[in-house]
Amino acid sequence: MKLTVQDLNSHYGPAHILFDIGFEVGEGEVVALLGRNGAGKSTTFRSIVGLVAQRSGRITFEGKDVSSKPTHEIVRDGLGYVPEERRIFTDLTVEENLEVGRQPKRPNAPHWTREKLFALFPNLGEMKNRPGGRMSGGEQQMLTIARTLMGNPSLVLLDEPSEGLSPKIVEQMVDAILTMKKEGVSIVVSEQNLHFARLISDRAYIIERGRICFGGTMAELDARPDIRDAHLSL
Amino acid sequence: MAFYVVQFLTGLASAASLFLVASGLSIIFGVTRIVNFAHGAFYMIGAYIAFTLTERLSGAFGFWGGIVLAAFAVALIGVIVEMVLLRRIYHAPELFQLLATFGLTLMVEDLVVLIWGPDDLVGRRAPGFRGAIDFFGQNIPSYDLFLIVLGPVVLGILWLLFQRTRWGVLVRAATQDRDMVAALGVNQKWLFTSVFAVGVFLAALGGALQIPRDAVHHAMDLRIIVEVFVVVVIGGLGSIVGAFVAAVLVSELNAFGILIFPKISIILVFLVMAVVLIVRPWGLFGKPEAAARKTPGLTVNPWRPLTSNERLMALAALIVAAMLPLFAGNYLLTVGSEIAIFVIFAVSLHFLMSVGGLASFGHAAYFGLGAYGIAFLAKMAGLPMIVCLLLGPLLGCMGAAVFGFFAVQLSGVYFAMLTLAFAQIVWSIAFQWVDVTGGDNGILGLWPSSWAASPSRFYWLSLGVAALVTVALRTMVFSPFGYALRATRDSVLRSEAIGIDAKRIQWTAFVIAGTTAGIGGALFAYLKGSVFPDNLGISLSVDALVMVLLGGVETVSGAVIGAIIYKALNIWLVSQTDLSKLVLGGFIMLIVVVFPKGIVGTLEMLAQRRKKASPPGSTLLAKPIESAE
Chain A
4 MKLTVQDLNS
14 HYGPAHILFD
24 IGFEVGEGEV
34 VALLGRNGAG
44 KSTTFRSIVG
54 LVAQRSGRIT
64 FEGKDVSSKP
74 THEIVRDGLG
84 YVPEERRIFT
94 DLTVEENLEV
104 GRQPKRPNAP
114 HWTREKLFAL
124 FPNLGEMKNR
134 PGGRMSGGEQ
144 QMLTIARTLM
154 GNPSLVLLDE
164 PSEGLSPKIV
174 EQMVDAILTM
184 KKEGVSIVVS
194 EQNLHFARLI
204 SDRAYIIERG
214 RICFGGTMAE
224 LDARPDIRDA
234 HLSL
Chain B
27 MAFYVVQFLT
37 GLASAASLFL
47 VASGLSIIFG
57 VTRIVNFAHG
67 AFYMIGAYIA
77 FTLTERLSGA
87 FGFWGGIVLA
97 AFAVALIGVI
107 VEMVLLRRIY
117 HAPELFQLLA
127 TFGLTLMVED
137 LVVLIWGPDD
147 LVGRRAPGFR
157 GAIDFFGQNI
167 PSYDLFLIVL
177 GPVVLGILWL
187 LFQRTRWGVL
197 VRAATQDRDM
207 VAALGVNQKW
217 LFTSVFAVGV
227 FLAALGGALQ
237 IPRDAVHHAM
247 DLRIIVEVFV
257 VVVIGGLGSI
267 VGAFVAAVLV
277 SELNAFGILI
287 FPKISIILVF
297 LVMAVVLIVR
307 PWGLFGKPEA
317 AARKTPGLTV
327 NPWRPLTSNE
337 RLMALAALIV
347 AAMLPLFAGN
357 YLLTVGSEIA
367 IFVIFAVSLH
377 FLMSVGGLAS
387 FGHAAYFGLG
397 AYGIAFLAKM
407 AGLPMIVCLL
417 LGPLLGCMGA
427 AVFGFFAVQL
437 SGVYFAMLTL
447 AFAQIVWSIA
457 FQWVDVTGGD
467 NGILGLWPSS
477 WAASPSRFYW
487 LSLGVAALVT
497 VALRTMVFSP
507 FGYALRATRD
517 SVLRSEAIGI
527 DAKRIQWTAF
537 VIAGTTAGIG
547 GALFAYLKGS
557 VFPDNLGISL
567 SVDALVMVLL
577 GGVETVSGAV
587 IGAIIYKALN
597 IWLVSQTDLS
607 KLVLGGFIML
617 IVVVFPKGIV
627 GTLEMLAQRR
637 KKASPPGSTL
647 LAKPIESAE
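Taken in sequence, the protein lines are chains A and B.
For the working numbering, add 3 to where a residue sits in the first sequence, where the first one is 1.
For the working numbering, add 26 to where a residue sits in the second sequence, where the first one is 1.
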């Protein structure tokens, strides 16, 4: 397994947010984490990369336990994270944003260069020196993904990549994710949009109120309309 | 004409050191969000070490090598401070970091005297720049010309460092979003350490370069830190170019202010700063800051009024305190009165800081205004004590009403800086307007009327007023006004969205706090029998901050305990040792590291934990909060 999460519990102050979360991601797989707003998708990702301080459980990445490592070490092990709010460095240019994400080459992961990323996201190549704050939402979303890929991750956590984007940009996003998969990057993508998830994912988990309540292939999920209707708003 | 040109060049030369120190402070603040109060101390150590090295090492190489070596040595000290002290407190409330660096400053002030002695040290002239150049009959020291060139050169080097190196890109990214930088695999710890080292290096270099111009002495730190705060605020926190322009502006104001407006030369700079902050709150070259991401309510324990048992306990403590005159002598009673007065002072600032979320760095202004109010009424109008006590604090009230109106337009660090500037203006007036205030000599001979003259009676008076003020402010916390004020503290946007006039509420709180401080100041004037400009000085403002943070900024009335402990310790230390600052500074740093929630905050946390451990009553907290993500 590429990534295994077992018994993950997270708290914000006195509030218990995640309850015994567990899921797996295989080598080269695209797994969707589906759930409504506030179900715990972002907290799950933030807990995996160590951005939530109060967490317990076991997170195994490429056979190594990373659950007590600090964020930057987890990321340097090859586990990339693309946050939901994009969090572009607005004062930095596109190229400088990419520079922040740059990490050395890794033997077991595809190697990304600026040129390769500009081919994947042609819009970015046309605005290399534009400050991040003067880009559209779609362009910023592409830049966050490109920035994380500069770290040559072997697995990427993508938090709601389609949120708030126009249909045309969403299409580009689907293409980009499928290219990443083809290159050999494993991906966990959190989504509210089942339609989008279906275009890219091999398997899906459903999270509701901080608990995993379903796990299976996309076909298995389609066979259970009751679960889909109960846990995912349409 | 030539005279003015020379004056202008002297200003530019002074700007060089100021720029070095200010850019260091700005860089450190940008990335670590720490307002490094110890920056002046590093500047001072830089000067002292450079003095020693340039005395020991001979020749031109020895001089210049000594200057650079001194800056590196201090940067190394900075690295140790960052790793041992600051790393432990990055997650503490931001003012705690200020408190820790203030403690460090206190320690350095004593250490410097211990190592180099209390006398001014005059360093040697810079080899190659000993002479002066004749400019139409006026002399310009050639070292000044060297400094004038150095400023822009350093600016250029810093610009290259930040624009053209990976380190610079990472620093700029971290200035905006530290967590995201970590989430991209960058080790924040080392980034912070390196940034701190660079900032301290610049401060120390600024200090070392001053030795051919100025004598080295043990009060350099406070003088420079205030000026540097002003520079950084005018230029915009985090902007290097802004620091340069503002350093030139401030130095020229100093150079020409004394010629053109000799009466108000000290205030001039602060007036400019106040105007800049009001017109462009984020400074000339700064950027408006996005509201901080925080989830209020999740980490703070909700405040509640005292239970009846706790009220009885507080009452019992008050009765015990009131019995002090039965067994204590006059000295102890005077100390007791002073502590009670500082409880009033601390509680007033605590109200503004904890309840209103507005950390004032110049709260002593209103304390001192209350004291001067008494002096004017008693000495000039000859009014009796009871009338003076009722009217004197009104001067504090009026000061707070005027300054508060402008100050509440800002928030966070900028609010702190503006209140500091206002306090400095008031201090300068008291210091310079000798005809009215007596200047440095103060106003003497204020004695209480016979009904309050004996130490025990004055003690009861102070204690009674302190108790009244504490109860009144506490009652206000749990009144509709207090709810509204706390709402503006937690989120200005949300409170305005439900119809609260945030600015007016904050202004009201500012006036209440200022008036209360004025009451403390009024009593203080009678206790000491005199008033001095120091009664509104920066160190008194800092004392108040320390008392509040020591008690615990997240508590309802922690300041009472903070004031008692800090003041008692302070008075006792001064009587016991010559190195009181060293001990006090060490104590403050220890408290910050061991009890980051303050004394009362830590006690509350322990009580909470014990409660949670025993009965299974608190199931409410264990339920998931649905809206959290």
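Beta carbons are placed, not taken as given, at the ideal position from N, Cα and C, and that holds for glycine.
Predicted, not measured: the structure shown is a model, and the values here were computed from it.
Could you name the residues of chain B that residue i contacts, counting a contact when the two beta carbons are closer than 8 Å?
i, result
"V177 of chain A", "Result: empty, since nearest Cβ-Cβ is about 24 Å, beyond 8 Å."
"L161 of chain A", "Going along chain B, no residue has its Cβ under 8 Å from L161 of chain A, so there is no contact; the nearest lies around 13 Å."
"R150 of chain A", "L210"
"E86 of chain A", "Contrary to the premise, residue 86 of chain A reads as Pro rather than Glu in this sequence. Per Cβ cutoff of 8 Å: M206 and A209."
"V103 of chain A", "V195, L196, A199, V207, L210 and V212"
By the criterion of Cβ-Cβ separation under 7 Å, what are the contact partners of residue i in chain A?
i, result
"G211 of chain B", "H75, V78, R79, Q106 and G154"
"Q202 of chain B", "F92, T93 and D94"
"A208 of chain B", "T74 and H75"
Give me the Cα-Cα distance between residue i and residue j, rounded to the nearest whole angstrom.
i, j, result
"G129 of chain B", "G612 of chain B", "6 Å"
"T58 of chain B", "G29 of chain A", "39 Å"
"F89 of chain B", "Y169 of chain B", "13 Å"
"A714 of chain B", "A300 of chain B", "Here chain B comprises residues numbered 27 to 655, so residue 714 of chain B is not present and cannot be evaluated."
"G264 of chain B", "S45 of chain A", "31 Å"
"D232 of chain A", "I210 of chain A", "13 Å"
"V439 of chain B", "L446 of chain B", "10 Å"
"C423 of chain B", "A348 of chain B", "29 Å"
"Q57 of chain A", "T7 of chain A", "19 Å"
"Y357 of chain B", "G464 of chain B", "28 Å"
"I284 of chain B", "S291 of chain B", "5 Å"
"Q144 of chain A", "V619 of chain B", "40 Å"
"R190 of chain B", "A200 of chain B", "16 Å"
"Y116 of chain B", "L549 of chain B", "38 Å"
"K529 of chain B", "F504 of chain B", "20 Å"
"D229 of chain A", "V191 of chain A", "24 Å"
"K649 of chain B", "M443 of chain B", "The predicted model places K649 of chain B with a pLDDT of 35, which falls under 50 and marks its position as unreliable, so this point remains unresolved."
"T147 of chain A", "V85 of chain A", "6 Å"
"S644 of chain B", "L332 of chain B", "Low confidence applies here, because S644 of chain B scores a pLDDT of 37, under 50, leaving its location unreliable; read the following figure in that light. Each residue's alpha carbon lies about 20 Å from the other."
"D461 of chain B", "H244 of chain B", "31 Å"
"L489 of chain B", "A498 of chain B", "14 Å"
Output, in chain order, the set of chain B residues within a Cβ distance shorter than 9 Å of residue i.
i, result
"Y208 of chain A", "By Cβ distance, chain B contributes nothing, its closest Cβ being about 17 Å from Y208 of chain A, past 9 Å."
"L158 of chain A", "Within 9 Å Cβ-Cβ: nothing; L158 of chain A doesn't reach chain B, min ~13 Å."
Name the DSSP beta bridge partners of residue i, please?
i, result
"A39 of chain B", "Answer is none; A39 of chain B lacks a bridge partner."
"D160 of chain B", "B:N165"
"F64 of chain A", "A:L6 and A:K67"
"A199 of chain B", "Partner(s): none; A199 of chain B has no beta bridge."
"H14 of chain A", "A:H19 and A:Q57"
"D248 of chain A", "Residue 248 of chain A falls outside the range modelled here, since chain A spans only 4 to 237, and no answer is possible."
"P134 of chain A", "A:T96"
State yes or no: is the C-beta of residue i within less than 9 Å of the C-beta of residue j?
i, j, result
"A208 of chain B", "I93 of chain B", "no"
"I260 of chain B", "A241 of chain B", "no"
"L472 of chain B", "G232 of chain B", "no"
"L11 of chain A", "G60 of chain A", "yes"
"G3 of chain A", "L158 of chain A", "In the structure displayed, chain A extends from 4 to 237; residue 3 of chain A sits before or after that span and is not available."
"V381 of chain B", "R515 of chain B", "yes"
"L608 of chain B", "Y592 of chain B", "no"
"G104 of chain B", "G225 of chain B", "yes"
"Y552 of chain B", "L350 of chain B", "no"
"I172 of chain A", "K184 of chain A", "no"
"S169 of chain A", "L37 of chain A", "no"
"S165 of chain A", "M176 of chain A", "yes"
"S454 of chain B", "V258 of chain B", "no"
Run down chain A in chain order and give the residues with a C-beta less than 9 Å from the C-beta of residue i.
i, result
"M109 of chain B", "Here the premise fails: no neighbours, minimum Cβ distance about 16 Å."
"Q214 of chain B", "P73, T74 and H75"
So which residues of chain B does residue i contact, with C-beta pairs closer than 7 Å?
i, result
"V52 of chain A", "A209"
"E99 of chain A", "V195"
Exercise. In the segment 172-204 of chain B, which residues sit with their C-beta less than 7 Å from some C-beta in chain A, listed in chain order?
Worked result: The residues in question are R192, V195, L196, R198, A199, Q202 and D203.
Problem set entry | Contacting positions in the segment 181-206 of chain A - beta carbon closer than 9 Å to chain B | Within the segment 181-206 of chain A, no residue has a Cβ that lies closer than 9 Å to any Cβ of chain B.
For this session: Identify each residue in the segment 123-142 of chain A for which the Cβ-Cβ distance to at least one residue of chain B is less than 8 Å, and report them in chain order.
Result: Of all residues in the segment 123-142 of chain A, none has a Cβ within less than 8 Å of some Cβ in chain B.
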